[in-house]
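This report refers to the structure that appears directly beneath it.
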Amino acid sequence: MKTIYFSIDQNILDEWINKAEDKNFKTAYNLESLEDEIKNDENAVVIVDFDTASHETNKLISLNKLPKNTIVLEKSPQIQTGKKLIGIGVKAYGNSRMSKENFNQMFDAVKEGKTWTYPKLTASLVSKTNTESLSEESLKMIQNRLTQKEIEIVYLILKGLTNDAIAQEENITTRTVKAHVSSIFSKLHVNDRVSLILLLK
């Protein structure tokens, strides 16, 4: 799986390339070069500089041609922008100048098929999805697919609790919580908490 860095700003491209632990990459400077690279590898992780390539990104979105492993980064990430992008299938959204450690965590999450967001955006997604606001369809789905304990844990996830906090709340070990969470993801066909929140909201 290769990486395609998409930006008009060479400094940003150099910064991302230096941060990445994966050295199998290509760069794209315009929509045509990006589309050429995507044709060669539809599973490529595409990292977009939204500050210089928002027009091209929005064009791909409107044509329903957004690559399936797209990461969108910008210098001043906004919660509303993040909600919109994550909601339409972008796999990660955050600050284009994030630390090397966060950059590689984000990159690894996307390579594993997970969705990644920065903490404030994740908290905002969670706050808009409380148990009282679940639709009838969402309630029916979790009641049909999950055990009572798993449903309790889903509600705690929707409140924004970490695995350790859930363990404390439920008086069980963190390891048991992780097993329940893994089972929940499997039964609801999601890979991570953000995808679970998006499914149920």
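Per our numbering, numbering of the sequence shown is gapless, rising by one per residue and ending at 1240.
Glycine residues also receive a C-beta, built at the ideal position from the N, C-alpha and C atoms.
Subject >> C-beta atoms of Val1085 and Thr1120 nearer than 8 Å >> reply: no
**OP:** Would you kindly work out how many angstroms separate the C-alpha atoms of Val1216 and Asn1097, rounded to a whole number?
**Re:** 39 Å
Original post:
Can you name, in chain order, every residue of its own chain whose Cβ lies under 8 Å from the Cβ of Lys1226, other than the five neighbours on each side?
Top reply: These residues qualify, in order along the chain: Arg1184, Leu1185 and Glu1189.
**OP:** Ignore the nearest five residues each way along the sequence and tell me which others in Asp1048's own chain have a CB closer than 8 Å to its CB.
**Re:** Cβ within range, chain order: Asp1088, Asp1090 and Thr1091.
Subject >> Range of the contiguous alpha helix (DSSP H) that encloses Ala1218 >> reply: Thr1213 to Leu1227
**OP:** Let me know if His1219 comes out buried or exposed under the rule of 16 or more other beta-carbons within 10 Å of its beta-carbon.
**Re:** buried
**OP:** Could you tell me which residues DSSP pairs with Phe1089 in its beta bridges?
**Re:** Under DSSP, no beta-bridge partner is assigned to Phe1089.
Original post:
DSSP on Glu1081, reduced to helix/strand/coil?
Top reply: The answer is coil: DSSP assigns Glu1081 none of H, G, I, E or B.
Subject >> Residue nearest to Leu1197 in terms of C-alpha spacing, selected from Ala1083, Val1233 and Lys1041 >> reply: Val1233
**OP:** Please report the Cβ distance between Ala1059 and Phe1142, rounded to the nearest whole angstrom; I am assuming they are in contact, meaning their Cβ atoms lie under 8 Å.
**Re:** 7 Å
**OP:** Tell me whether Leu1178 sits in a helix, a strand or coil according to DSSP, three-state version.
**Re:** Judged by DSSP in its simplified three-state form, Leu1178 adopts helix.
**OP:** Apply the 10 Å Cβ neighbour rule to Leu1052 and answer buried if 16 or more other Cβ atoms are within range, or exposed otherwise.
**Re:** Leu1052 is buried by the Cβ-count criterion.
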